[in-house]
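In this note's numbering, the protein residues as written are 321 to 539. What follows is a single structure, written as structure tokens, with notes after it.
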């Protein structure tokens, strides 16, 4: 009888734990950022393009000594660690570019049903990105077993051999924390499969998140 009661208690506890896990998985986590208005998306995307253009120009020998513009538009700055130019990009600018590329700049909360990123990749219905210190936080709304689930991933961005790298430090499904050690091998395999998408522009020699901004350095 005691064994039966113990088994019963264990079964109930397991069921409760499973239900809690399901609730946490389906629960919407605290947003890492708030959606931008269409006008802000357009302005931030334009600012991003201007910064990349300036960095590309700075990488050309003829433009190496060009003086920075006195206008309020984004400018290339000189890195304190060397003569190479660099630009600082905010999370709002990155989010605006992603919103435009994924078709969510008009304020829609989801992509078209047949939209996806990469062959065989799950549909991304919404995305949010923010920088904190030297960490990038990304949230992606996708569908799992017919349910909308938020995936949150945080980590360090870097560069190796002309390709962007990502080293995760946190992974969450809904509001449920998942050990990074369980996810990282699969994540790195997926990034390797999508290597072409990770290639940096030829004029970019380094990329990292620093002081809450994405810093891209001249090659």
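Just so it is clear, CB atoms sit at the ideal spot from N, CA and C, and this is done for glycine as well. As the structure is a prediction and not an experimental result, all values here were calculated from the model.
Out of curiosity, what's the CA-to-CA distance linking residue 463 and residue 499?
21 Å
Which listed residue (456, 409 and 483) has its alpha carbon closest to that of residue 513:
483
Taking the CB atoms as reference points, tell me whether residue 405 and residue 378 lie closer together than 9 Å.
yes
Pop quiz: residue 449 and residue 414 are said to be a contact at Cβ under 8 Å. What is the actual Cβ separation, rounded to whole angstroms?
5 Å
Under a Cβ-count criterion, where at least 16 other Cβ atoms within 10 Å of its own Cβ denotes burial, should residue 475 be classed as buried or exposed?
buried
Kindly indicate which residue of 517, 493, 488 and 510 has the alpha-carbon position closest to the one of residue 501.
488
Contacting residues, own chain, Cβ-Cβ under 8 Å from residue 527 (five flanking each side not counted):
477, 478, 479, 484, 520, 534, 535, 536 and 537
Straight-line gap, residue 466 to residue 376 (C-alpha atoms, nearest Å)
Note on geometry: alpha-carbon atoms of residue 466 and residue 376 lie some 44 Å from one another.
Using the rule of at least 16 other Cβ atoms within 10 Å of the residue's Cβ for burial, across every protein chain shown, is residue 412 buried or exposed?
buried
Note down the Cα distance separating residue 435 from residue 444, rounded to an integer number of angstroms.
Residue placement at residue 435 cannot be trusted, given a pLDDT of 39 that sits under 50; the coordinates are not used to answer.
Give the secondary structure of residue 474 by DSSP, where H, G and I count as helix, E and B as strand, and everything else as coil.
strand
For residue 420 and residue 367, the rounded distance between their alpha carbons
13 Å
Counting C-beta neighbours from all protein chains within 10 Å, is the total for residue 350 16 or more, i.e. buried, or is it exposed?
Looking at its Cβ environment, which holds fewer than 16 other Cβ atoms inside 10 Å, residue 350 is exposed.
If you drop the 5 nearest sequence neighbours on each side, which residues of the same chain put their C-beta closer than 7 Å to that of residue 410?
533
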